[in-house]
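Visitor:
Residue numbers (the numbering used here), protein chains in the order written: chain A, 9 to 510; chain B, 831 to 1472; chain C, 182 to 356; chain D, 31 to 131; chain E, 11 to 548.
See below:
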């Protein structure tokens, strides 16, 4: 047979530009940075942030186009060009910028400084963005791997502390396990739906009437995919890695995991469950419900008895994952329908705000940690208010926001999720979530107690707050309060967020 | 003049305000004079009002002065209004009159007390409250005064509050009174629900027209009686009165003899139509309570050694008499006895005060005797009071007591018998007191050394300002009976039943009619019998304490007031307190314990669950694997196969 | 014929896998892995995925396993691990149950789904054009994914740089 | 008769299960890592089988990507393992359990 | 329909006085936050200015208020979160008016009256900032007519209070603060879900759109019976914790005892009222049927609270704790009146909220002064103070008598109205509740005797007399106590129309007919006959 001439797919470079931007930035940092001696004055961070900002602007422009032209797919249906993707991209970029600021404050001048970390952060961000906008499970898997591999390395990157390396190894082994499962899920789903492309899967299930539930492969696929994603979002019982890793990894990296990592994972989950598998919502929604409740309960309960702040926050992030799952569950009720309810939106808002919150929180943690040789026990925070009132105030804002106190972004996020759940009539999970939130509030109070109400122990030197970290905290506070007080813009924006499906 | 009724309470209030502001600057004795002047002014106004009312004919002898709307909420409209009618003015007259005298007495009695001006502050406030009580046009205004006098008596009883006993007595008085107030409040509620108003006019009118269910009327009447029992120290709530003697003697005279304690009787009289509309057992309950109290208190008085305690118990007993009258429908008699009793009991209290004053605050009668030589005026006046209370004609007490007994017999002979016995006892223990204090040999010299503090010890007559009130009251005790003379042959027609005519518009609905009953016909004989009883009592006492012919019977049981007080307080201190402690324990351990228990439980569970997080990757992988299996089970088996 | 191939290859695969699990010495385990990989490659050939078979042999067996062995030698961790002791008593039974559960459930599902699959699957593509078709597909439909792999590899490279760099600069490291 | 897709899928499942079993019982991080490779191979096997079933090349493409990912993972994973083993030679995962609770 | 609709639009004011009531203190807090911490004297000054200005505004509202209008006045409504149908909707009616004024008046007094006892003056800064923030929050809760807005304020007040207790409290402060925070938060967790459910269910039947506007919801939506009951339950839990109703009260003694004096004053004075106010404004107004249905439960709990609180108070050894338990009893009365559904009772409840605020607030001030002088709150360590500080004792006595409920003082009028009003619909509860009056006298007088009477011992012999500043602080309290007691009309006639409108609303929704005195309770109101034991006579 003769070889017919080859036609590559048409490529909308502009729509791809945000991803290209970040990857390009990473390459730039690697190539130039590796060949030149150590750059002064946090130029790495500067470049990274600049790149991120440009990418953000680009994705905003793309958003405009979508608003006019409607959602499409890119590069032969590999990526979805929809507002959902753009919003997730923006979320990731904002969180990345904050983390980079913190990272600079942490690394500048230390022997850990160098282009590599920033390059990895950028590539990881790219992976996250891809996960959020993937329209093909294989692509999603690749994005996931990009993100995960970078995180494995970053988690282990602090060679001064054994904990860092231990956490890196644990994360790596379990992560590998999880991605294998995820991959197996893809394979099974491929067996059931004869494609790995989300749009095609959706169409397939819309057109084929499954007779007598003989779609066993699909079910197994969904199950395994769900496990893989649940692992990434650290939902109970797949959360086991997160406390150890959060605690062991350098604080700024923990911030990245908690913000970008979670955002990407949830975006992927929404893509898979809500976009690709709306016709199996009755199959997966109960599982999500159970996961949500488990995460809420276990996360809050275990957070209460911790003594290490980073570990507390790790568990609290588990319970936050529970909250997000409540949103996913809500989104599941009317997935695929025209009036899909506010579940998806609530999750997105939550991701954005939680990303900022947690980044800010860990920014403060880094400062305290480096003042106590990496010790992040509660007593390390004792009397922080006396030493650094402003910093303490910032931390308090973040903690209150995480506790869901009004006029903060955290409250809005929780409100949105619960609203979605109640709108779908799942009151039980809503109430469980709120009660869990109260239990979790106890641990934020514990931190505040040691920050404000305990005297600063003798001979503790006042923390040095790097300018960049301070900036990060300030920005995070502004966003948290700002959105908390004037949330309308964010809500109206997210209301218009839609996914490319069907 | 009638429209100036508001001046009657206003003046003491003014006095109160003045002393409150300038009290310290006024100091002694000016503060006392200001207070006395205020009360005197009130008295004068009252007299004026009294004359006006006298002038008007009987059907218009009731005048309401509304000051302002007090508690107006939709259907509930309560005014701050005063009512001037025969009853209230009668009360006001002796409240202000006797009040004034007692003020004068107090100026002398309280001489040298560091808190002189404060004493008159309270005294004026009390008079104000008492006047509000009697002049109130509706139950709520009365209640204002009702609680006001309670509060004032609390202040005054615990006036020397550094004395633990005084403080306790004050508290006891207030709390016990509150128990009664509970009844009054509920009575008001019931009345409001039934009639839509708490004004006497509306309530009594409804009662008279019978537009109020008899059950409701009974409820109101009995609840009010509960209040009366509290205020007027009847069984079972009389306990506070004897203890109240901890207060300065003028207080005892003013509050615990003349005015406040009679408030209960006043209230019942005021609401007599309601009582009339009530079921038959209501008045009987009242009568019996009164009778039993009278007898009970009299027996206790027999064995008291504290000069004031004797008077206190006799007060309780006499109040019992009044309720006996009320219960027998003898409202006029009740008021009559209230007035005469106010005269002679105030007199005797002041007398005892004078004695105590002269004896340098010695109150134990066993350390007195033969004081008639040391303080003749006091002795003389006191003896007049004694004859009055003992029921010896022609003194005031005889007439009122006789009238009550008459009505009682008309209603039930048993009660009459009790009344007579009480009369005998009264004569007996009063005589005993007089003898112990003023006659016999002087027993105080033997105790002189105890008083060595202020040089050699000799009782001395009190200053003029203290004696004047004694004299006036003595006079009243003699002629007081004239306001309500019975229809005996010796009495001129024109003088008869003055009080009854005067009060008629108020008490008409409830007043019992005893004409053409056997008792009425035999009233002269009854009078003679009463006199005989009185003389018998006196004679017995003389035999025992004067001549020493007979042994004194003063069993400890009576001295301890039948141990009733002890029983109550041991219950309060024992089971009662334990119950309260139990509640407190319950709150701390159970209710709050549950809360903390939850917290502990959460921590406990968390600690357990925490164990899963071993830190070993292989375990983690195991858990993840388990999760996978579970989810697969759901999808493959529950959703797939089934 | 195919049946025979299938059975033999499957035996290789499973034997290798068991080896990986059971050999106390990591080096032997690695060899077990090689066996499995070859078995899988044979299956690929049987399913006429020749290109993948080749890559399997070259990349996996060739590169990856060698890398493993290299690391083992480098670290000198080839001292054998005592499998007879297990600190967590329930770990092994639990693991067994779980694994059997996973296998059982998936197998059950697969068997259930057998109905949806044809009894005699056709061939993916004519043998000679398998590579061509793969390439075509790779560079048209999955070009983005293909590019992503490069990013992935960048991450790998940078990662190793980070992980190893401080060994050069690093302070207080046993060298 | 020739082996149907189902056979391959069953085989893959067994292989996957063996891999997970190994992951749970082995203490040497390198070996655990090998077990992950086993699982990946199981996935590949099923991909190819299904690709043949549907006569659809996508499955094989997926396998290709999986291999790349595997390679990258190996690089990173071995990097991490090396950096740990350097400091604590012969450490098993059981020894690496400082973070817990 | 009822007057609420008429006033819903309300007289739109050019000058948004209500918003100012919220913003002024907030701004003050902000100002203090930015002030230099080295000049503590400015802190207090700023705090004082802000709070006094707020107080003045509230007074202005009081005098500009149309007494005869039962609806909301000075309404200011601006869209806030349009996507969720949430608006900045403030308004004041007779029910909230005096609570607002009380808040406005109480804070300046709390600020001027007593200083935080802390070692270094630099710590004044956060103290005053938190206090002002608290004032803003409380004001907001009383004024907001939007469920979301209300919830925001209702929650936000926890934070300043938490820090006030935790930061400037006494020995057990951290425990108390945490307990207070979590306990209340649990309650509001249920309320949050309930609010959302209310909104969505209202959209489903009646409204057709999402709105958190109280008036629209109350007037527009009609819930199925069981639904309404569940929703009401959600609200009720939050309020019951805040009040606190009997079994949920144990956070209160700890919080009160451990809080700094100003904290206790505010807590008792206004914050507890959030609960009772919530019952009126949201419970009865949104879910009349459910409120009617569950009334016997609340009445019973209220009565239990009255007796139980009094008994527990009697046994306390700590003066502050005693006052705290007395609050439980007093608020029992308020709840009783709230669920009696008669004009007198509810008017009395509203009035009693203010009265309790004044008298208990003053009591806490006095106890705080005692603590300042003697550094103990243990009754056993105090003796014979009246002997050495008669004026102080007199002030205490007046306040105490108003708390006991002696006629002529404010406490009595409220209690009396509550009882007489409740008697019409809940006779037997009232019969029991009235005994609380006896117990009140018992525990307060006993405490007074132990603290003020008797011979002062060594430590107490030097007890300083009332100082001028303290006297000036207490004077307003005593003034209000006496004036309200003697002449409550101005207050009642402003409260009553709003209450009337509320009852009218309840009647519209449930067909409940308010029993009038001298008239048999209508037969259709079966509930009353059921739980009144034997029916009404007369």
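From the three backbone atoms N, C-alpha and C, an ideal C-beta is built for every residue, glycine too.
#1: Where residue 193/A and residue 235/A are concerned, what is the direct C-alpha to C-alpha distance, given to the nearest angstrom?
#2: With residue 298/E and residue 519/E assumed to form a contact (beta carbons below 8 Å), what rounded beta-carbon distance in angstroms separates them?
#3: Going residue by residue through the region 1083 to 1126 of chain B, where are the continuous alpha helix (DSSP H) segments of at least 4 residues, counting only ones entirely within it?
#4: Which one of 223/A, 104/A, 177/A, 211/A has the shortest CA to CA distance from residue 1469/B?
#5: Express the C-alpha separation of residue 964/B and residue 883/B in angstroms, rounding to a whole number.
#6: Three Cβ pairs or more, each shorter than 8 Å: is that satisfied between the region 1044 to 1058 of chain B and the region 1006 to 1013 of chain B?
#7: Using a Cβ-Cβ cut-off of less than 8 Å, give me the residues of the region 158 to 188 of chain A that come near chain D, in sequence order.
#8: Which chain B residues sit within Cβ distance under 7 Å of residue 199/C?
#9: Determine the burial state of residue 334/E: buried for a count of at least 16 other Cβ atoms within 10 Å of its Cβ, exposed for fewer.
#10: How close, in whole Å, do the beta carbons of residue 1071/B and residue 1024/B come, if the pair is a contact with beta carbons under 8 Å?
#11: Could you tell me the distance, in whole angstroms, from the CA atom of residue 54/D to the CA atom of residue 150/A?
#12: How about residue 257/E: is its C-beta nearer than 8 Å to some C-beta of chain B?
#13: Residues in its own chain within less than 8 Å of residue 168/A by CB, not counting five upstream and five downstream?
#14: Name the DSSP bridge partner or partners of residue 512/E?
#15: Assign residue 1248/B to one of three DSSP states: helix, strand, or coil.
#16: At what residue ranges does the region 14 to 93 of chain A contain a whole run of the alpha helix (DSSP H), taking only runs of 4 or more?
#17: Looking at the unbroken beta strand (DSSP E) that takes in residue 209/C, where does it start and where does it end?
#18: Hey, could you find the ends of the alpha helix (DSSP H) residue 894/B is sitting in?
#19: Could you tell me which of 466/E, 404/E, 445/E, 514/E sits nearest to residue 484/E, measuring between CA atoms?
#20: Can you confirm whether residue 191/A, when its beta carbon is compared against all beta carbons of chain D, has any partner nearer than 8 Å?
#21: By DSSP's criteria, residue 478/E is part of a beta bridge. Which residues make up the other side?
#22: Check residue 1326/B in the structure and name its three-state DSSP category.
#23: With 8 Å set as the bound, which would you pick, yes or no: does the beta-carbon of residue 100/D sit closer than that to a beta-carbon of chain C?
#24: Using DSSP with H/G/I as helix, E/B as strand and the rest coil, what is residue 1205/B?
#25: Below 7 Å between beta carbons is the criterion; list the residues of the region 332 to 357 of chain A that meet it against any residue of chain C, in chain order.
#26: Taking Cβ to Cβ, would you say residue 459/A is nearer than 8 Å to residue 389/A?
#27: Starting from the Cα of residue 75/E, find the closest Cα among 218/E, 234/E, 115/E, 501/E and give me that residue.
#28: On the three-state DSSP scale, how would you describe residue 89/E?
#29: Going along chain D in order, which residues have a C-beta closer than 7 Å to the C-beta of residue 146/A?
Guide: According to the structure shown:
#1: 9 Å
#2: The Cβ separation is near 4 Å, so the contact holds.
#3: 1093 to 1100, 1102 to 1107
#4: 223/A
#5: 16 Å
#6: yes
#7: 160, 161, 164, 167, 170, 171, 173, 174, 175, 176, 177, 178, 180, 181, 184, 185, 187, 188
#8: Those within 7 Å of residue 199/C in chain B number zero; the least Cβ separation is about 18 Å.
#9: Its Cβ being crowded by 16 or more others within 10 Å, residue 334/E is buried.
#10: That pair is no contact at about 33 Å.
#11: Cα-Cα distance, rounded: 26 Å.
#12: So, interface residue.
#13: 382
#14: DSSP, once it has assigned bridges, lists no residue as partnering residue 512/E.
#15: helix
#16: 21 to 43, 51 to 77
#17: Counting along the chain, residue 209/C falls outside any beta strand (DSSP E), though it belongs to the alpha helix (DSSP H) covering 207 to 227.
#18: Unbroken run through residue 894/B is the beta strand (DSSP E), 893 to 903; no alpha helix (DSSP H).
#19: 404/E
#20: yes
#21: According to DSSP, residue 478/E bridges with nothing at all.
#22: strand
#23: yes
#24: coil
#25: none
#26: yes
#27: 501/E
#28: Per DSSP, reduced to three states, the secondary structure at residue 89/E is strand.
#29: 92, 95
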